[in-house]
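*Asks:* I have a structure here, written as structure tokens, and I will follow up with some questions on it.
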Amino acid sequence: MGPGPINADPRVLRAMSAQLLGQFDPQFRDYMRDTQALYRAVFETANVHTLCIDGTARSAIETVMVSLIEPGDRVLIASFGRFGQLKAEIARRAGAEVRVIEAEWGSVFDPAQIESAIKAFSPKLVACCQGDTSTTMLQPLQELGRLCRRHGAILQVDATASICGTPLPVDDWQIDCVTGALQKCLAGPSGIAPITLSDDLAKVIMRRRHVEEGLRPAGYQAGEGRIISSNYFDLAMIIDYWSERALNHHTEATTMLYAARECARIFLQEGHAQVFARHALASRAIVAALGAMKLRLFGDQSNKMPNVTGVWIPDGISSDRVRSAMLDEFNIEIGTSFGPLHGKIWRIGAMGYNARQDTVLVTLAALETVLAGEGYRFTRGAGIDSARAVYHAG
Ligand SMILES: *Cc1c(COP(=O)(O)O)cnc(C)c1O
Numbered sequence: 007m008g009p010g011p012i013n014a015d016p017r018v019l020r021a022m023s024a025q026l027l028g029q030f031d032p033q034f035r036d037y038m039r040d041t042q043a044l045y046r047a048v049f050e051t052a053n054v055h056t057l058c059i060d061g062t063a064r065s066a067i068e069t070v071m072v073s074l075i076e077p078g079d080r081v082l083i084a085s086f087g088r089f090g091q092l093k094a095e096i097a098r099r100a101g102a103e104v105r106v107i108e109a110e111w112g113s114v115f116d117p118a119q120i121e122s123a124i125k126a127f128s129p130k131l132v133a134c135c136q137g138d139t140s141t142t143m144l145q146p147l148q149e150l151g152r153l154c155r156r157h158g159a160i161l162q163v164d165a166t167a168s169i170c171g172t173p174l175p176v177d178d179w180q181i182d183c184v185t186g187a188l189q190k191c192l193a194g195p196s197g198i199a200p201i202t203l204s205d206d207l208a209k210v211i212m213r214r215r216h217v218e219e220g221l222r223p224a225g226y227q228a229g230e231g232r233i234i235s236s237n238y239f240d241l242a243m244i245i246d247y248w249s250e251r252a253l254n255h256h257t258e259a260t261t262m263l264y265a266a267r268e269c270a271r272i273f274l275q276e277g278h279a280q281v282f283a284r285h286a287l288a289s290r291a292i293v294a295a296l297g298a299m300k301l302r303l304f305g306d307q308s309n310k311m312p313n314v315t316g317v318w319i320p321d322g323i324s325s326d327r328v329r330s331a332m333l334d335e336f337n338i339e340i341g342t343s344f345g346p347l348h349g350k351i352w353r354i355g356a357m358g359y360n361a362r363q364d365t366v367l368v369t370l371a372a373l374e375t376v377l378a379g380e381g382y383r384f385t386r387g388a389g390i391d392s393a394r395a396v397y398h399a400g
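So for the sequence shown, my numbering puts the first residue at 7; every next one is plus one.
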């Protein structure tokens with residue numbers, strides 16, 4: 007019940023125990039096609055280039071960046087937490103000239119702030135998180151895609167922590183590229199990352215590939231299209247591998263693809279609206295309980311992620327002792343955070359398979375008991391009663 011990874015849905019674990027196949031097995035090619043169609047539905051997109059990268063969330067972020075960025079290209083990172091910093095680091099290593107704008111941890115950007123940075127810097131690529139679990143904040147993205155297109159910039163969104171926990175209609179919001187992972191709201195293991203790319207972005211990447219191959223596309227300029235420095239993360243090769251041409255790239259991580267496919271099937275069977283409502287309800291219950299326990303919530307509550315809640319650790323209470331007691335005595339993991347927030351806040355997650363009434367109530371009951379044992383003074387039972395009231399009201 008922390009910020010992830012979380013428990014996998016048992017259906018996902020069962021899918022992962024199926025026999026292995028190779029990537030050219032006809033049945034496996036069907037699973038790959040299936041998985042593409044399923045993730046088009048998950049991302050609410052018609053993007054042809056919707057596929058999976060074999061690696062954790064950052065492998066998908068890196069794949070896009072190393073495949074798109076040529077040395078000296080400008081990249082603007084809108085960072086509001088640890089994972090914004092990660093994207094800046096990846097972009098720098100890919101050779102970009104990086105500018106980072108930062109929102110104070112616990113807050114997000116007004117789109118106008120991002121727009122003025124785009125105007126001042128004219129980036130090729132703008133990258134940000136939708137939800138940054140390190141701060142539990144959710145960046146509103148409705149306007150950002152349109153805004154980037156108006157200024158000729160590509161928008162890359164890291165939705166690892168938010169995909170399937172909160173709406174992200176990729177086509178509606180005109181987002182060029184979204185990367186995700188299974189280990190947060192998709193209720194699966196880490197190790198494979200679903201990704202979707204607009205046709206225009208895929209064209210930019212394939213054009214670079216053609217230049218590498220010695221072809222000269224229309225409007226070619228000398229020096230354009232320097233070789234993609236990574237073989238494993240060469241998105242042009244990965245697109246060809248997933249396409250009907252099925253050009254060989256790597257040996258498919260079959261078991262991970264079974265997991266990705268099953269996660270999407272589970273999500274779509276429940277339905278976008280129902281899953282989002284389930285996460286929002288868990289969030290309301292946790293927020294109500296923590297408030298009733300006189301704990302102070304962290305960050306701008308109007309832009310809080312629904313699947314994880316940040317709360318200040320009360321004065322005089324040891325973060326480590328509470329977290330250890332939760333884990334050792336109740337088998338429940340909650341998180342603290344990184345950098346300036348380490349040991350200052352706890353992060354309580356309710357996502358994917360764990361965004362359920364029973365898990366939420368048991369976690370809150372355990373937290374009450376442990377905090378009382380540590381000498382924290384509050385009305386015993388107030389938290390759990392408030393959470394139950396939220397669930398009873400629906
Ligand atoms: C959890 C998380 C990640 C995790 O990246 P991994 O490479 O899978 O460890 C990335 N981005 C965000 C926003 C996250 O919350």
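C-beta atoms are modelled at their ideal positions from N, C-alpha and C, and glycine is treated no differently.
Since the model is a prediction, treat every value here as computed from it, not as a measurement.
Mind checking whether the beta-carbon of aspartate 60 lies closer than 7 Å to any heavy atom of ligand 1?
*Replies:* A distance criterion of 7 Å places the beta-carbon of aspartate 60 beyond contact range of ligand 1, judged by its closest non-hydrogen atom.
*Asks:* Whole angstroms are fine: how far does the CA of serine 308 sit from the CA of arginine 362?
*Replies:* So the alpha carbons of these two residues sit roughly 23 Å apart.
*Asks:* Measuring straight from C-alpha to C-alpha, what distance separates alanine 187 and isoleucine 12?
*Replies:* In this model, alanine 187 and isoleucine 12 are separated by some 12 Å (Cα to Cα).
*Asks:* In this structure, does DSSP put isoleucine 75 in helix, strand or coil?
*Replies:* coil
*Asks:* Any heavy atom of ligand 1 within a distance shorter than 7 Å of the CB on serine 196?
*Replies:* yes
*Asks:* Taking buried to mean at least 16 other C-beta atoms within 10 Å of its own C-beta, is threonine 5 buried or exposed?
*Replies:* Only positions 7 to 400 of the chain appear in the structure, and residue 5 is not among them; the question remains open.
*Asks:* In three-state DSSP terms, what is glutamate 258?
*Replies:* coil
*Asks:* Is DSSP giving serine 330 helix, strand or coil here?
*Replies:* helix
*Asks:* Please list, in chain order, all residues of the same chain as alanine 102 whose beta carbon is under 6 Å from its beta carbon, the five residues on each side excluded.
*Replies:* Counting only residues of its own chain and dropping the five nearest sequence neighbours on each side, alanine 102 has a CB closer than 6 Å to the CB of Ile75, Asp79 and Val81.
*Asks:* Report yes if the C-beta distance between glycine 151 and leucine 161 is below 8 Å; otherwise report no.
*Replies:* Note that the C-beta distance between glycine 151 and leucine 161 is below 8 Å.
*Asks:* Using 8 Å as the cut-off, can you tell me whether the segment 13–24 makes contact with the segment 187–199, which would need three or more C-beta pairs spanning the two stretches below that distance?
*Replies:* yes
*Asks:* If you reduce the DSSP assignment to three classes, tell me which class serine 65 lands in.
*Replies:* helix
*Asks:* I need the DSSP call for valine 48, collapsed to helix, strand or coil.
*Replies:* helix
*Asks:* Going by the beta-carbon positions, is the gap between leucine 44 and threonine 260 smaller than 8 Å?
*Replies:* no
*Asks:* Select from Pro346, Leu287, Gly345 and Val366 the residue whose C-alpha is nearest the C-alpha of glutamate 339.
*Replies:* Val366
*Asks:* Going by beta-carbon coordinates alone, are tyrosine 264 and histidine 255 separated by less than 8 Å?
*Replies:* no
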